[in-house]
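**Student:**
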Amino acid sequence: MTIGNPLRYLDTPLRRVNAVVVVVALVFAVVYPSLVPPPMIGVGFVALLYALRNFTWNIAGGYVGQLSLSHIVAFGTGAFSVAVLTWRHEVNAWVALVVGVLISAVIGFLISLLMSRFGVNAFFLALGTLALSLAAAGVAASWTFLGDTNGISYSGTEEGFAHLQWYVDPSGFYYTTLGFLVVITAGTAALMRFTHFGRSLPFIREDPVIAASMGIRVVRNQALAMALSMGLTSIAGTLIAQYVQIVSYESVLTVEIGVAMMVGSIIGGAGTLAGPIVAGIGIAVLEEFLRSFSVSSANVSSYTQIAYAVVVILLLRFGTGGIMPLWEAGVRAVFGSGRKEKVPEAPEQPVGELVDGRVG
Numbered sequence: 000m001t002i003g004n005p006l007r008y009l010d011t012p013l014r015r016v017n018a019v020v021v022v023v024a025l026v027f028a029v030v031y032p033s034l035v036p037p038p039m040i041g042v043g044f045v046a047l048l049y050a051l052r053n054f055t056w057n058i059a060g061g062y063v064g065q066l067s068l069s070h071i072v073a074f075g076t077g078a079f080s081v082a083v084l085t086w087r088h089e090v091n092a093w094v095a096l097v098v099g100v101l102i103s104a105v106i107g108f109l110i111s112l113l114m115s116r117f118g119v120n121a122f123f124l125a126l127g128t129l130a131l132s133l134a135a136a137g138v139a140a141s142w143t144f145l146g147d148t149n150g151i152s153y154s155g156t157e158e159g160f161a162h163l164q165w166y167v168d169p170s171g172f173y174y175t176t177l178g179f180l181v182v183i184t185a186g187t188a189a190l191m192r193f194t195h196f197g198r199s200l201p202f203i204r205e206d207p208v209i210a211a212s213m214g215i216r217v218v219r220n221q222a223l224a225m226a227l228s229m230g231l232t233s234i235a236g237t238l239i240a241q242y243v244q245i246v247s248y249e250s251v252l253t254v255e256i257g258v259a260m261m262v263g264s265i266i267g268g269a270g271t272l273a274g275p276i277v278a279g280i281g282i283a284v285l286e287e288f289l290r291s292f293s294v295s296s297a298n299v300s301s302y303t304q305i306a307y308a309v310v311v312i313l314l315l316r317f318g319t320g321g322i323m324p325l326w327e328a329g330v331r332a333v334f335g336s337g338r339k340e341k342v343p344e345a346p347e348q349p350v351g352e353l354v355d356g357r358v359g
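Position 260, counted from 1, in the sequence shown is what numbering that gives the first Met the number 0 calls 259; the numbers after and before it change by one each time, with no gaps.
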């Protein structure tokens, strides 16, 4: 694999503008805690958590087109893993995080494998994974090991990065979440651009049958994408559990969480890198704006859902693919499209070999 000169990727106005925006956003994100009081650092943490949650759902939902609500289970698994292991067994929180990732990845792999084998379409995938999430919430509500209806409240663990816990200064949670978001985003970008597996995912999303005829291992790649997506989603659950130190089925296994991940990614631009992140941060800002008017938490949730509905209706009306396609169209309108990229010549090897490294 040859990456070459990275500057060659800045060959159009859109890419150059995006690069500048990314650098400015990263600099602002790094200095943000030093510019605001501690309560606003907590708001920043929630914004990054929403962005992380959306982005990890987008790996399966946006790039592969698996409209799954099973990520609710992954989010809850991450939260309950750290709560149970640190509270009952005094396991280090980082170890608990890894356990949550592995369990969620296995669940995601099996879900995708079963759904693909039975030829379940996108609609029934969403319905089936919703049923799974409701069942998981029922188990958590009735199982004493997971705190049943009372949930698990835990505290007293040691403080610091080594224990993934900060009691006084929330900037530790903020920077840890920012680090996860940056690493996962950069890793996903590299995966999609430089690997056979990553390049095969859009083909699968557009038409699995045609993708299979091209030599792509559709079932395997869908399962791997779902495993990666759900495994990474559990990290967000672990972080929020450590932040509030109260975990219950009502807080981490609700349908609203799954809908927020799905709709947030679609609003931002499913299948894009920045779209789910922008939408997640935007939703957090909207919620804080509503709270500034002394709106109750229940009403904040209601108004946020109304905002989801309005934005989705507008997107359906104007036929856009979310915030990022609108942004790209605006940049091109202002700065021009730049040089026209050459249409690549047809490869000599079979397409299946090009995108997945093998045929058949």
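All C-beta atoms, glycine included, are put in the ideal place defined by N, C-alpha and C. Note that this is a predicted model, so its numbers are computed, not measured.
(1) Excluding the five sequence neighbours on either side, which residues of its own chain have a C-beta within less than 8 Å of the C-beta of PHE317, listed in chain order?
(2) What are the partner residues of ILE245, as DSSP defines its beta bridges?
(3) Could you pull the start and end residues of the alpha helix (DSSP H) that MET323 belongs to?
(4) Would you mind stating whether LEU252 and ILE110 have Cβ atoms separated by less than 7 Å?
(5) Is it the case that the Cβ atoms of ALA283 and TYR31 are separated by a distance below 7 Å?
(6) Could you spell out where the alpha helix (DSSP H) holding SER69 opens and where it closes?
(7) To the nearest angstrom, report how far apart TYR307 and SER103 are at their CA atoms.
(8) For the alpha helix (DSSP H) that contains ALA92, what are its first and last residues?
(9) On a CA-only basis, which of ARG204, ILE151 and TYR242 is nearest GLY159? Give me that one, please.
(10) Helix, strand or coil for THR11 per DSSP?
(11) Anyone know if the C-beta pair for ILE256 and PHE27 falls short of 7 Å?
(12) Spatial neighbours of SER115 within its chain, please: CB distance less than 6 Å, with the 5 preceding and 5 following residues excluded, ordered by chain position.
(13) Using alpha carbons as the reference points, say which of MET229, THR156 and ALA121 lies closest to VAL97.
(14) Between the stretch 231-239 and the stretch 80-96, are three or more C-beta pairs nearer than 8 Å?
(15) Alpha carbon to alpha carbon, what distance is there between ARG290 and GLY41?
(16) Should PHE193 be labelled buried (16 or more other beta-carbon atoms within 10 Å of its own) or exposed?
(17) What residue does the alpha helix (DSSP H) around ARG192 start on, and which one ends it?
(18) Between which two residues does the alpha helix (DSSP H) carrying PRO36 extend?
(19) Is the beta carbon of TYR62 less than 7 Å from the beta carbon of GLY270?
(20) Assuming the contact rule is C-beta atoms closer than 8 Å, THR184 and LEU272 should be a hit. Round their C-beta distance to whole Å, please.
(21) Once you ignore the five residues that flank THR76 on each side, which residues in its own chain have a CB closer than 8 Å to its CB?
(22) Are GLY263 and ALA278 close, meaning C-beta to C-beta below 7 Å?
(23) Taking only the alpha-carbon atoms, compute the straight-line gap between ALA121 and GLU157 and give it to the nearest angstrom.
(24) Just grab the DSSP bridge partners of GLY159 for me.
(25) Smallest Cα separation from SER67: which of LEU126, VAL29, LEU314 and THR85?
(26) Ignore the nearest five residues each way along the sequence and tell me which others in TYR166's own chain have a CB closer than 6 Å to its CB.
(27) Under a Cβ-count criterion, where at least 16 other Cβ atoms within 10 Å of its own Cβ denotes burial, should THR85 be classed as buried or exposed?
(28) So, is THR143 buried or exposed, given that buried needs 16 or more other C-beta atoms within 10 angstroms?
(29) In three-state DSSP terms, what is ASN120?
(30) Using the beta-carbon count (16 or more within 10 Å), is ASN53 buried or exposed?
**Tutor:** This is what the structure gives:
(1) Sequence-distant partners of PHE317 (beyond 5 residues in either direction) whose C-beta falls short of 8 Å from its own C-beta are missing from its chain.
(2) DSSP output for ILE245 lists SER152 as bridge partner(s).
(3) That run of the alpha helix (DSSP H) goes 322-334.
(4) Taking the C-beta atoms as reference points, ILE110 is found no nearer than 7 Å to LEU252.
(5) At a Cβ-Cβ threshold of 7 Å, ALA283 and TYR31 do not count as neighbours.
(6) Per DSSP, SER69 belongs to no alpha helix (DSSP H) and is neither H nor E.
(7) A straight line joining the alpha-carbon of TYR307 with that of SER103 spans about 27 Å.
(8) 92-116 is the span of the alpha helix (DSSP H), which, as asked, contains ALA92.
(9) Nearest option by C-alpha distance: TYR242.
(10) THR11 falls in the coil class under three-state DSSP.
(11) Taking a C-beta distance under 7 Å as the contact criterion, ILE256 and PHE27 do not qualify as a contact pair.
(12) If we look at SER115 and ignore the five residues flanking it on each side, its Cβ neighbours are VAL218 and GLN221.
(13) By alpha-carbon distance to VAL97, the top candidate from MET229, THR156 and ALA121 is MET229.
(14) Yes, the stretch 231-239 touches the stretch 80-96.
(15) Going by the C-alpha atoms only, they are around 14 Å apart.
(16) The residue is exposed, with fewer than 16 neighbouring Cβ atoms inside 10 Å.
(17) 170-193 is the span of the alpha helix (DSSP H), which, as asked, contains ARG192.
(18) That residue, PRO36, is in no alpha helix (DSSP H); it is neither H nor E in DSSP.
(19) If you check the CB distance, TYR62 and GLY270 come in under 7 Å.
(20) Distance from THR184 to LEU272 at the Cβ level is roughly 6 Å; contact confirmed, criterion being Cβ atoms closer than 8 Å.
(21) For THR76, where only same-chain residues beyond five positions count, the Cβ hits under 8 Å are GLY99, ILE102, SER103, ILE106, SER233 and GLY236.
(22) Contact annotation: GLY263 and ALA278 have beta-carbon atoms nearer than 7 Å.
(23) ALA121 and GLU157: Cα-Cα distance of roughly 44 Å.
(24) Partner(s): GLN164.
(25) Minimum Cα distance to SER67 is reached at LEU126.
(26) Answer for TYR166: GLU158, listed in chain order.
(27) Taking a 10 Å sphere around the C-beta of THR85, we find 16 or more other C-beta atoms and assign the residue as buried.
(28) So THR143 counts as exposed.
(29) In the structure shown, ASN120 falls within a coil segment according to DSSP collapsed to helix, strand and coil.
(30) Label assigned to ASN53: buried.
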